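Here is the structure we will look at.
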Amino acid sequence: MSFVSDKRENAFVVGVLLPGITPRQLDDQILELSALIDTAGGKVLSQTTQSRKTPDPATYIGKGKLTTIIGQADELQCSLLVFNDDISPTQINNIQKKAGEKIKVLDRTGLILDIFTKHARTKEAKTQVELAQLEYLLPRLTRQWTHLERQMGGIGTRAGAGETQIEVDRRLIRTQISRLKKQLKGIEKQREVQSHNREKAYRIALVGYTNAGKSTLMKRLTGADVLIQDQLFATLDTTTRKLELNVGGSVLLSDTVGFIRKLPHNLVASFRSTLGEIKNVDILLKVFDASSENVQEHIDTVNQVLSEMEMEEKTELLLFNKIDAIKNEDIIKGLQSRFNEAVFISAAENNGIDTLKERISETITSKFQKDAFHINFNQTKYLDTIYALTKVLKKKSDFEGILLEVEGTAESLDKIRQMLKQ
Ligand SMILES: Nc1nc2c(ncn2[C@@H]2O[C@H](COP(=O)(O)OP(=O)(O)OP(=O)(O)O)[C@@H](O)[C@H]2O)c(=O)[nH]1
Ligand SMILES: [Mg+2]
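Under my numbering, the first residue of the sequence shown is numbered 1118, with each subsequent residue one higher.
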């Protein structure tokens, strides 16, 4: 079920320049919205912007302007009118009334939800998206909307539980929402068990703006066969694989869903369990597309989402990817001087990957502390765990057992101390 039909639909894009953003920023946002429309399966035929102090309470954009836009969209045979912002259910309904039956009105969240629906593969992702969609739909359920969806199909009507649920009343949707929430809780519990099993490993997650090249890097570093696409939100599920690094102890790397500015709140909330898997990681590898003009905005967005998830305090390594796509050397130099701790790579062209691995190893081992353990002969069953958790520097046998000099994280050393006490 999705908002967008298989056939490319023509879209008309509407942006409003409100105080607090510059015309240039609005242009960037509209460019990104066009990429989202493209990913959803639409094609932008035209766009327009209006400068306003506040949105029109009834129709978001001015009423006169709206009439003009609808006329133009009609002429161009656009079946989609997409707003760059999130607009209220009442506003959408009012605009939809004016637009008539041939044009569907969609806001940014509706569009992103549509892409998530299209890309969800696993049961978990599907459940999360369905929940987000139902929450989005609930206040928007009107007779007109229902009617439209049946008439038109395609972008904007793939919505949640769509065909089957739209007709039923809100009470049923609420029941479905609580059922999905329960299911997700169950999945979360399962996850906790899994991550408990992974406790022995050092954990790293790739996070960053969508389309920055996280999955490409995941594949480059671990060989994992993850989906790589020049689309937004190609990855929805977290994939975790072993990363081979010579630091002593095992290291796991996770690839995750990308972030985007104005990420719908429903989605952040329902993707909490997916992202929950990376909540306990030791290092965040923050990946950004260095060839994008909006790199600073991407960094701000990612930091903001991470702080909403209370993960802003984690140890991090900043990565600028796609340096092969930068023609002007000064851009790299500029980034290097602003972010002198960052690593510059091209995941696609295998450039800078060895340096990256070294930096990851250094980051892990810089937190290592040294300790020595005497293992009695009746404790040799613990040796495997000690080798898994630490880097063994020296090993000496004596009459009573083995003396190991090791280094590892404070947590690992603590765990071994507890284990040996038993
Ligand atoms: N030029 C260039 N393109 C790259 C590089 N790394 C990735 N790409 C391209 O960027 C696009 C996105 O790559 P992905 O690895 O899917 O990006 P992602 O961050 O996982 O994206 P989402 O999962 O959609 O959030 C693909 O077309 C890749 O081929 C790079 O180093 N240089
Ligand atoms: Mg990806």
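Ideal placement from N, C-alpha and C gives every residue a C-beta, glycine not left out. All values reported here derive from a predicted model rather than from experimental measurement.
field: Touching by the beta-carbon criterion (3+ pairs, under 8 Å), the segment 1485-1496 and the segment 1507-1523
entry: yes
Span separating the alpha-carbon of Asp1447 from that of Gln1453: Taking the sequence shown and counting its residues from 1, the one referred to as residue 1447 is at position 330. Taking the sequence shown and counting its residues from 1, the one referred to as residue 1453 is at position 336. Using only the alpha carbons, I get a separation of about 10 Å.
- prompt: Pairing CB atoms from the segment 1423-1436 with CB atoms from the segment 1453-1468, are three or more of them under 8 Å?
  reply: yes
- prompt: So Gly1188 is in the alpha helix (DSSP H); what residue range does that whole segment cover?
  reply: Taking the first residue of the sequence shown as position 1, residue 1188 is located at position 71. It spans 1180-1192 - the alpha helix (DSSP H) in which Gly1188 sits, taken as one unbroken run.
- prompt: Is it buried or exposed for Ser1408, if we count other Cβ within 10 angstroms and need 16 for buried?
  reply: Here residue 1408 refers to the residue found at position 291 when the sequence shown is read from its first residue. Buried, because 16 or more other Cβ atoms sit within 10 Å of the Cβ of Ser1408.
query: Would Asp1354 be called buried (16 or more neighbouring beta carbons within 10 Å of its own) or exposed?
result: Working through the sequence shown from its first residue, we reach residue 1354 at position 237. Counting Cβ neighbours within 10 Å, Asp1354 comes out buried, since at least 16 surround it.
task: Could you give the DSSP three-state label for Val1130: helix, strand or coil?
output: Translated into positions along the sequence shown, residue 1130 becomes position 13. Strand at Val1130.
- prompt: Taking the Cβ atom as the reference point for each residue, do Leu1162 and Leu1198 lie within a distance shorter than 8 Å?
  reply: On the sequence shown, position 45 is the one that residue 1162 refers to. On the sequence shown, position 81 is the one that residue 1198 refers to. Result no, Cβ atoms of Leu1162 and Leu1198 do not sit closer than 8 Å.
query: Hey, quick one: how far does the alpha helix (DSSP H) through Arg1225 stretch, first residue to last?
result: Residue numbering aside, residue 1225 sits at position 108 when the sequence shown is read from its first letter. From DSSP, the alpha helix (DSSP H) with Arg1225 extends over 1225-1236.
- prompt: If you check the beta carbons only, do Asn1438 and Ile1462 fall under 8 Å apart?
  reply: Translated into positions along the sequence shown, residue 1438 becomes position 321. Translated into positions along the sequence shown, residue 1462 becomes position 345. Yes, the pair counts as a contact, with Cβ atoms nearer than the cut-off.
message: Could you give the first and the last residue of the continuous alpha helix (DSSP H) run that contains Asn1210?
response: The residue given as residue 1210 occupies position 93 in the sequence shown. Unbroken alpha helix (DSSP H) run through Asn1210: 1206-1216.
- prompt: Closest by CA to Met1426, which one among Asp1441, Lys1215, Val1385, Glu1479?
  reply: On the sequence shown, residue 1426 is found 309 positions in, with the first residue counted as 1. That would be Val1385, whose Cα lies nearest to the Cα of Met1426.
query: With a CB to CB cut of under 7 Å and the five nearest residues on each side skipped, what residues in its chain are close to Arg1534?
result: Taking the first residue of the sequence shown as position 1, residue 1534 is located at position 417. Nothing meets the Cβ criterion.
- prompt: Can you give the Cα-Cα distance for Leu1380 and Asp1501, rounded to whole angstroms?
  reply: Here residue 1380 refers to the residue found at position 263 when the sequence shown is read from its first residue. Here residue 1501 refers to the residue found at position 384 when the sequence shown is read from its first residue. Cα to Cα, Leu1380 sits roughly 44 Å from Asp1501.
- prompt: Among all the DSSP beta bridges, which residues are the ones paired with Ser1463?
  reply: Walking along the sequence shown from the start, residue 1463 turns up at place 346. For Ser1463, which the question treats as bridged, DSSP gives the partners Asn1468.
message: My output table needs one value for Arg1358: the three-state DSSP class, helix, strand or coil.
response: Here residue 1358 refers to the residue found at position 241 when the sequence shown is read from its first residue. If DSSP states are grouped into helix, strand and coil, Arg1358 belongs with the strands.
- prompt: CB of Leu1134 to nearest heavy atom of ligand 1: below 7 Å?
  reply: Within the sequence shown, residue 1134 is the residue found at index 17, counting from 1. No - ligand 1 has no heavy atom lying nearer than 7 Å to the Cβ of Leu1134.
- prompt: Start and end of the alpha helix (DSSP H) containing Ile1154?
  reply: Translated into positions along the sequence shown, residue 1154 becomes position 37. It spans 1140-1157 - the alpha helix (DSSP H) in which Ile1154 sits, taken as one unbroken run.
query: Which residue comes first and which comes last in the beta strand (DSSP E) that contains Lys1450?
result: Numbered from its first residue, the sequence shown carries residue 1450 at position 333. Where Lys1450 is concerned, there is no enclosing beta strand (DSSP E), although the alpha helix (DSSP H) it sits in stretches over 1446-1455.
message: For Ile1204 and Thr1234, I'd like the C-alpha separation in whole angstroms.
response: Numbered from its first residue, the sequence shown carries residue 1204 at position 87. Numbered from its first residue, the sequence shown carries residue 1234 at position 117. Roughly 20 Å separates the two Cα atoms.
task: Compute the minimum distance between the beta carbon of Gly1393 and the heavy atoms of ligand 1, and state whether it is under 7 Å.
output: The count along the sequence shown starts at 1 and reaches residue 1393 at position 276. Outside the cutoff, so no.
- request: Determine the closest residue to Lys1532 out of Lys1511, Lys1444, Ser1514, Leu1506, with distance taken between C-alpha atoms.
  value: Locating residue 1532 in the sequence shown gives position 415, counting from the first residue. Out of Lys1511, Lys1444, Ser1514, Leu1506, Leu1506 has the C-alpha closest to the C-alpha of Lys1532.
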